[in-house]
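*Asks:* Take 1378 as the starting number for the sequence shown in the numbering used here and just add one per residue. The C-beta atom is built at its ideal place from N, Cα and C for all residues, glycine as well. Please read these numbers as outputs of a predicted model, since none were measured by experiment.
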Amino acid sequence: MPNPLADELQTDRRARPSALVIFGASGDLTRRKLVPSLMGLAQDGLLPPGFAVVGFARRDWSQAEFRRRLEEGVEAHGREGAGDAFAEWQGRFSYFEGDYDDPESYRKLAVHLDEVDQRQGTQGNRIFYLATPPAAYQTILGHLHESGLSTETDTGPAGGTFARVIVEKPFGKDLDTAQALNAQVLAGFNEHQVFRIDHYLGKETVQNILALRFANSIFEPLWNHHYIDHVQITVAESIGIEGRGGYFDNAGIIRDMIQNHLLQVLTLVAMEPPVSSSGDSIRDEKVKVLRAIRSLTPEKVAASTVRGRYTAGWSRGEAVPGYLDEEDVAADSTTETYAAVKLYVDNWRWAGTPFFLRSGKRLPRRVTEIAIHFHRPPHLLYGDIHRSKLHRNVLLLRVQPDEGVSLRFGSKVPGPHFQIRDVRMDFSYGSEFGSRSADAYERLLFDAMLGDPTLFARRDEVEEAWRIVDSIVEGWCASEGRPADYEAGTWGPEEAEELLGPAREWRRP
Ligand code: BG6
């Protein structure tokens, strides 16, 4: 189904011609996400006429084999009608067999790109997408630099040529490796050429946090520690590790989800109003939030975090194995598949208001939400008898799957007694806008084509997020403990309940 907002987007945002080079083109991300998303853009008329994709990988594939695999991916993972778009655009996809660490491959790639410029009108503009395993990033970046492929002749809106690089997560595995990777990226590219992906920022409802806060006047006066008791950010998944044991066992949920997606969402919830809507104004404010988050000392980690690991149980009606029985997981693994973390943003606005972040695999359902829990009224007119029935007011931002915003507040129950009960005021994307939201990758690929960095993480943001996460991981390592068990299909370990402290409880979405 075409996106009804595409016309609006198109009026003032037009991408210049370019060739997108995907390193790791034989991998899952290309087939499941990147190419189906490109076809979504094609369906909305957002791809520029001069556009081409070059898939770079090591496999000995023919052009026909490459296109056949992409077509299958588009049929399985694209929108309705994406297959027709691929039939129309497939002539613009070419496969390039090369070695990531062979300089000759990059010389030949440059020649191939010149031919693509001639044939497809891509005008010398290039976007390089690193979709390989992270171990290959440094090699590819070094060669892009040495071969001159990272050089652009002009960064202005109209003239010259541009060269950009999109870097997939994980961006490092701790602060040291992230700094080293940043140094490597910035040896060949300038910061304005670099697009570090966090696909949560491309989600429509995550962007709506800024609209809700800064395009309305009713929320912002309440958006501080005077009115907000605490914030819960939940990213729950019902899936397990989906055959990615080799990667996940080295990462854990803290690196896989919290370092990037949850901390990024936290910055949007907690940031100050930016001075403008420019990418740097917004990212300046986001990074200030991260800087204000207190690092945890090893002693504090035990009281401020809970980690868990799923044991065998049930998921969506099926018996599923425990984490330790998953493929490619070390028998003595201490990797967590669930984490809950209490963080404080030490600034004027948020002093004393805890932010609780939790994420886990094999929880009862897939849900991402931000719950703003307000203080209770300072005085209750109706006596203690009703107090127990009254919960805090909660503003709930539902990111997925049931996208929308709702507000919980107390209301009088009809009848002769003065009884109060919680009710809900609701806005739902589906019923209001009548279309499904575009996939996050569509938005992010389009923004990278436009050169708009707003929804990508800047160098300093990534490094600050690692500082926070490193302090947690160090505490866990020092304790030599292991994650608490929780049964697959439940809401995580019991210990997580205590993290919130008295008179607060996790939402059960
Ligand atoms: C990825 C993680 O970044 O996000 C995965 O590596 C996770 O482990 C995924 O499943 C969740 O994304 P989404 O968009 O399905 O919530």
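Could you please give me the residues that DSSP links to residue 1783 through a beta bridge?
*Replies:* In DSSP, residue 1783 forms a bridge with 1773, 1803.
*Asks:* Among 1789, 1683, 1803, which one has its Cα closest to the Cα of residue 1852?
*Replies:* The shortest C-alpha separation from residue 1852 is found at 1683.
*Asks:* For a test of your reading of the model: does the CB of residue 1633 fall under 6 Å from any non-hydrogen atom of the ligand BG6? Yes or no.
*Replies:* Indeed, a heavy atom of the ligand BG6 lies less than 6 Å from the Cβ.
*Asks:* In its own chain, which residues sit with a C-beta less than 6 Å from the C-beta of residue 1718, not counting the 5 before and 5 after it?
*Replies:* Once the five neighbours on either side are set aside, the close Cβ partners of residue 1718 are 1682, 1734.
*Asks:* Does the contact criterion of 3 or more C-beta pairs under 8 Å hold for the region 1830–1842 versus the region 1658–1667?
*Replies:* The region 1830–1842 is in contact with the region 1658–1667.
*Asks:* Answer with buried or exposed for residue 1447, where buried requires no fewer than 16 other C-beta atoms within 10 angstroms of its C-beta.
*Replies:* Counting Cβ neighbours within 10 Å, residue 1447 comes out buried, since at least 16 surround it.
*Asks:* With DSSP as the reference, identify every bridge partner of residue 1721, one or two as the case may be.
*Replies:* According to DSSP, which records beta bridges pairwise, residue 1721 is partnered with 1731.
*Asks:* Between 1456, 1790, 1723, 1439, which has its C-alpha nearest residue 1474's C-alpha?
*Replies:* Nearest C-alpha to residue 1474: 1439.
*Asks:* Which residue marks the beginning of the alpha helix (DSSP H) containing residue 1449, and which one marks its end?
*Replies:* Taken as a continuous stretch (DSSP letters only), the alpha helix (DSSP H) holding residue 1449 covers 1440–1454.
*Asks:* Rounded to whole angstroms, how far is the Cβ of residue 1633 from the Cβ of residue 1705, which I believe are closer than 8 Å?
*Replies:* Rounded, the Cβ-Cβ distance is 15 Å, inconsistent with contact.
*Asks:* For residue 1500, does the three-state DSSP call read helix, strand or coil?
*Replies:* Residue 1500 falls in the coil class under three-state DSSP.
*Asks:* On the criterion of 16 or more Cβ atoms from any shown chain inside 10 Å, does residue 1700 qualify as buried, or is it exposed?
*Replies:* Buried: at least 16 other Cβ atoms inside 10 Å.
*Asks:* How far does the alpha helix (DSSP H) with residue 1522 in it reach, from first residue to last?
*Replies:* Counting along the chain, the alpha helix (DSSP H) containing residue 1522 begins and ends at 1514–1523.
*Asks:* If you compare alpha carbons, which of 1557, 1541, 1540 is closest to residue 1548?
*Replies:* Considering only alpha carbons, the answer is 1557.
*Asks:* How is the alpha helix (DSSP H) around residue 1472 delimited, first residue to last?
*Replies:* No alpha helix (DSSP H) contains residue 1472, which is instead part of the beta strand (DSSP E) from 1470–1474.
*Asks:* Sort 1753, 1425, 1472, 1873 by Cα distance to residue 1344 and report the nearest one.
*Replies:* Any question about residue 1344 goes unanswered here, given that the chain covers just 1378 to 1886.
*Asks:* Only counting the same chain, and skipping five residues up and downstream in sequence, which positions put a Cβ closer than 7 Å to that of residue 1729?
*Replies:* 1602, listed in sequence order.
*Asks:* Just tell me which of 1568, 1716, 1565 has its CA closest to the CA of residue 1631.
*Replies:* Comparing Cα positions, the closest option is 1716.
*Asks:* State buried or exposed for residue 1758, treating a residue as buried only when at least 16 other CB atoms are found within 10 Å of its CB.
*Replies:* Residue 1758 is exposed by the Cβ-count criterion.
*Asks:* Excluding sequence positions up to five away, which residues of its chain have a Cβ less than 6 Å from the Cβ of residue 1671?
*Replies:* Here the set comprises 1721, 1723.
*Asks:* Whole angstroms is fine: what's the gap from residue 1482's alpha carbon to residue 1432's?
*Replies:* Distance between the alpha carbons of residue 1482 and residue 1432 is about 13 Å.
*Asks:* When you compare only the Cα positions, how much space is there between residue 1869 and residue 1742?
*Replies:* Using only the alpha carbons, I get a separation of about 12 Å.
*Asks:* Runs of 4 residues minimum, wholly inside the region 1590–1673: which ones carry the alpha helix (DSSP H) assignment?
*Replies:* Taking only runs of at least 4 residues, the alpha helix (DSSP H) segments lying wholly in the region 1590–1673 are 1622–1630, 1640–1647, 1656–1669.
*Asks:* If you count every other CB in all the chains shown that lies within 10 Å of the CB of residue 1420, and 16 or more means buried, which is it?
*Replies:* When all chains shown are included, residue 1420 counts as buried.
*Asks:* Any contact of the region 1744–1752 with the region 1605–1612, i.e. 3+ C-beta pairs under 8 Å?
*Replies:* With the cut-off at 8 Å, the region 1744–1752 and the region 1605–1612 touch.
*Asks:* Roughly how many angstroms separate the alpha carbons of residue 1865 and residue 1837, rounded to a whole number?
*Replies:* Distance between the alpha carbons of residue 1865 and residue 1837: 36 Å.
*Asks:* Taking all protein chains shown into account, do 16 or more other C-beta atoms lie within 10 angstroms of the C-beta of residue 1878, making it buried, or fewer, making it exposed?
*Replies:* Classification of residue 1878: exposed, given that the 10 Å Cβ count is below 16.
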